[in-house]
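Peer 1: Residue numbers (UniProt numbering): 1 to 80.
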């Protein structure tokens, strides 16, 4: 299926390019940019910063999961 409208194309390209944060947030950021009368470059920068932050967070989470640490322990759980 070939996307026909703009939104479908954006979704298709962001899936192909693996840009999930942009795909999930571009409409909200677009509304915000219109409301604040932000320029195209600032809108694009906001999208890219959000994608970058999302990837950093996901990498950190994946590394912690991959480290296979034992379950969390708390001082109050230790017996005296």
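We treat Cβ as the ideally placed atom computed from N, Cα and C, and that holds for glycine. This structure is a prediction, so every number in the text was calculated from the model and none was measured.
What are the start and end residues of the alpha helix (DSSP H) that includes residue 29?
Peer 2: As a working mapping, residue 29 is identified with position 29 in the chain shown. Run containing residue 29: 20-36, per the alpha helix (DSSP H) assignment.
Peer 1: Skipping 5 residues on each side, what residues in its chain have a beta carbon closer than 8 Å to that of residue 25?
Peer 2: By 1-based counting over the chain shown, the position of residue 25 is 25. Answer for residue 25: 47, 50, listed in chain order.
Peer 1: Helix, strand or coil: how does DSSP classify residue 72 here?
Peer 2: The sequence position of residue 72 within the chain shown is 72, counting from 1. In the structure shown, residue 72 sits in coil (DSSP, three-state: anything other than H, G, I, E or B).
Peer 1: Who are the Cβ neighbours of residue 22 in its own chain at under 6 Å, not counting the five residues just before and after it?
Peer 2: For the purposes of this step, residue 22 is identified with residue 22 of the chain shown, where counting begins at 1. The beta carbon of residue 22 is closer than 6 Å to those of 14, 47, 51 in its chain, skipping five residues each way along the sequence.
Peer 1: Helix, strand or coil, according to DSSP, for residue 5 in the structure here?
Peer 2: Numbered from its first residue, the chain shown carries residue 5 at position 5. The answer is coil: DSSP assigns residue 5 none of H, G, I, E or B.
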